[in-house]
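A.B. asks: Per my numbering, the very first residue in the sequence shown carries number -2; after that it's consecutive.
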Amino acid sequence: MVLLLAGCAAKPEESASRTVFAMDTIMNLTVYASDPAPALDAAVREIYRLDAMLARGTEGSEVYRYNHGGAREGELDELLTLAENIRDSSGGAFDPYLGALLDLWGFGSGAGEHRVPSDEELADVSALLDLGGIAKGYAGQRVLEVLKKNGVSRAVVDLGGDVALLGKKPDGSDWHVAIRDPGEGNYLGILSTSGSKYIATSGVYERFFEENGIRYHHILDPRTGRPAESGLVSATVICESGVWADALATAVCVLGVEDSLALRDSLADTVKFDIIIVTEDGRAIYTCDGLEPDESSGYAFERAS
Ligand code: ADP
Ligand code: MG
């Protein structure tokens, strides 16, 4: 009897990590569990499944098939419905149908050459699905689900700079995530948080090209068809939903400070999120400022001194 009980006792938690290349970026998964390997395997399979599903340029992917006249159904339909909802509630700042526009600028997965399109080309552009603005957020969200199903209650998943968090640190304290300062190459501050959270950063410094001394980056303003000129360098969004966090980080880059703060207010009943913005003139704007943990959001942001 004693032996049997000993056999049933929970194994101590151990941590295990995995690095994968997917969605055009390097991802790092760290999970804590008594038997982490199967959970990690399942999470990695999920990432590859979503990469294959959402890659617009990969023949046979669901997005590719949809763009070539295929049916809108199943998981893609659900994700697209959410993406359209975010488009509508962001006043069109986030738009999942910019594929052809991105291709014109050479930012598409069709990997055309970088160039500045003519006004005629911009006016003529057709609508083509591109989920590059939410793929990582959706993957992060799904990975947390898969990990939970496999008995994992704490994890840190870095999806190429965006981070999905689950639970708390093994010692019961909050996770600490450094928020990068694009200008200084340093960090802006430390975010302390726990639970299921997604922290997405979009920046105009991530992908760009230069022509005649002008810099053109990959976050496009759907209203102009051109790279957003909102005065922002980067936007970090913290939200319990990975898809919303990822999409809103892009939308905030398009909208700029005032409109983004107004958007946050207008969405208060739909989705709770916080924003950390860095502007071109070096200002940093937080909706989660303060050293005291904010009871309503469950996290604190401490500025680097
Ligand atoms: P990254 O994937 O580099 O972290 P983001 O999360 O900021 O970048 O998403 C940028 C990607 O989203 C672009 O590469 C493009 O595929 C797509 N995109 C660009 N502008 C928009 C927009 N206004 N709305 C939706 N998607 C966009
Ligand atoms: Mg993003």
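Glycine residues also receive a C-beta, built at the ideal position from the N, C-alpha and C atoms.
Quantities reported herein were computed from a predicted structural model and do not represent experimental measurements.
#1: For Phe206, verify whether its CB is less than 7 angstroms away from any heavy atom of ligand 1.
#2: Which residue comes first and which comes last in the beta strand (DSSP E) that contains Gly200?
#3: Within the present structure, is the beta-carbon of Ser12 separated from the nearest heavy atom of ligand 1 by less than 7 angstroms?
#4: Roughly how far, in whole angstroms, is the beta-carbon of Lys307 from the beta-carbon of Asp159, given that I think they are within contact range, below 8 angstroms?
#5: Quick check on Leu126 - is its C-beta less than 8 angstroms from some C-beta in chain D?
#6: Go ahead and label Asp243 buried or exposed: buried means 16 or more other beta carbons lie within 10 angstroms of its beta carbon, across all protein chains shown.
#7: Counting pairs of Cβ atoms below 8 angstroms between the stretch 155 to 174 and the stretch 257 to 268, do you hit three or more?
#8: Would you check whether ligand 1 has a heavy atom nearer than 7 angstroms to the C-beta of Gly130?
#9: Name the residue from Gly130, Arg261, Trp172 and Leu258 whose alpha carbon lies nearest to the alpha carbon of Leu51.
#10: State the Cα-Cα distance for the pair Leu128 and Arg53, rounded to the nearest angstrom.
#11: Measuring only the C-alpha atoms, how far is Ser115 from Ile83?
#12: Determine the DSSP secondary structure at Glu11, reduced to helix, strand or coil.
#13: Rounded to whole angstroms, what is the Cα-Cα separation between Ser14 and Val28?
#14: Taking only runs that begin and end inside the stretch 107 to 180, name each unbroken beta strand (DSSP E) of 3 or more residues, in chain order.
#15: Can you tell me whether DSSP reads Glu289 as helix, strand or coil?
#16: Find out if the Cβ-Cβ distance for the pair Leu47, Ala152 is shorter than 8 angstroms.
#17: For Glu81, verify whether its CB is less than 7 angstroms away from any heavy atom of ligand 1.
#18: Using a 10 Å radius around the Cβ and a threshold of 16 neighbouring Cβ atoms, would you call Ser170 buried or exposed?
#19: Got a sec? Which residues, its chain only, sit under 7 angstroms from Ser227 by beta carbon, not counting five neighbours each side?
#20: Taking 8 angstroms as the threshold, find out whether the stretch 193 to 211 comes into contact with the stretch 164 to 179 through three or more Cβ pairs.
#21: Just how far apart, CA to CA, sit Gly105 and Val240?
#22: Out of Pro9, Leu119 and Glu75, point me to the one whose CA is closest to Asp218's CA.
#23: Please list, in chain order, all residues of the same chain as Thr305 whose beta carbon is under 6 angstroms from its beta carbon, the five residues on each side excluded.
#24: Who are the near neighbours of Leu98 in its chain, counting only those whose CB is closer than 7 angstroms to its CB and skipping five residues on each side?
#25: Could you check whether the Cβ of Glu203 sits closer than 7 angstroms to any heavy atom belonging to ligand 1?
#26: Mapping DSSP to helix, strand and coil, what is Asp21?
#27: If you count every other CB in all the chains shown that lies within 10 Å of the CB of Thr247, and 16 or more means buried, which is it?
#28: Looking at Ser199 and ligand 1, is the gap between the Cβ and the nearest heavy atom below 7 angstroms?
#29: Can you look up Ser263 in the DSSP assignment and give me helix, strand or coil?
#30: What are the boundary residues of the beta strand (DSSP E) that Leu229 is part of?
C.D. replies: Reading off the structure:
#1: Ligand 1 never approaches Phe206 closely enough for any of its heavy atoms to be under 7 angstroms from the residue's Cβ.
#2: Here the beta strand (DSSP E) through Gly200 covers Lys194 to Gly200.
#3: Checking the Cβ of Ser12 against ligand 1 gives no.
#4: Outside the displayed range of the chain (-2 to 302) lies residue 307, so it cannot be described from this structure.
#5: Reference to chain D is not applicable here, since this structure consists of a single protein chain.
#6: The residue in question, Asp243, is buried, as its Cβ has 16 or more Cβ neighbours within 10 Å.
#7: Not touching, per the Cβ criterion.
#8: In this structure, ligand 1 has a non-hydrogen atom nearer than 7 angstroms to the beta-carbon of Gly130.
#9: Distance from the Cα of Leu51 is smallest, within the candidate group Gly130, Arg261, Trp172 and Leu258, for Gly130.
#10: When the Cα atoms are used, Leu128 and Arg53 turn out to be separated by approximately 8 angstroms.
#11: Computed Cα separation, rounded: 29 angstroms.
#12: Look at Glu11 here: in three-state DSSP terms it is strand.
#13: Rounded to the nearest angstrom, the gap between the Cα atoms of Ser14 and Val28 is 6 angstroms.
#14: As for any beta strand (DSSP E) of minimum length 3 sitting wholly inside the stretch 107 to 180, the runs are 151 to 156, 159 to 163 and 172 to 178, ordered along the chain.
#15: Confidence at Glu289 is low in this model, with a pLDDT of 41, below 50, so its placement is unreliable and no value can be given for it.
#16: Cβ distance not < 8 angstroms, so Leu47 and Ala152 don't count as in contact.
#17: Exclusion of Glu81 from the 7 angstroms shell around ligand 1 follows from its C-beta lying no nearer than that to any non-hydrogen atom of the ligand.
#18: Within a 10 Å sphere around the beta-carbon of Ser170 sit fewer than 16 other beta-carbons, which makes this residue exposed.
#19: Taken in chain order, the residues that qualify are Cys250, Val251, Leu252 and Gly253.
#20: Judged by Cβ distances under 8 angstroms, the stretch 193 to 211 makes contact with the stretch 164 to 179, as three or more pairs qualify.
#21: Those two C-alpha atoms are separated by around 20 angstroms.
#22: Considering only alpha carbons, the answer is Leu119.
#23: Given a span of -2 to 302 for the chain in the structure shown, any question on residue 305 remains unanswerable.
#24: Residues Val122, Leu217 and Gly222 of the same chain have their beta carbon placed closer than 7 angstroms to that of Leu98, with the five preceding and five following residues left out of the count.
#25: Of the heavy atoms belonging to ligand 1, at least one sits nearer than 7 angstroms to the Cβ of Glu203.
#26: In the structure shown, the three-state DSSP call for Asp21 is coil.
#27: Within 10 angstroms of the beta-carbon of Thr247 lie 16 or more other beta-carbons, which makes it buried.
#28: Ser199 Cβ: within cutoff of ligand 1.
#29: Of the three classes helix, strand and coil, the one that applies to Ser263 here is helix, per DSSP.
#30: Counting along the chain, the beta strand (DSSP E) containing Leu229 begins and ends at Leu229 to Cys236.
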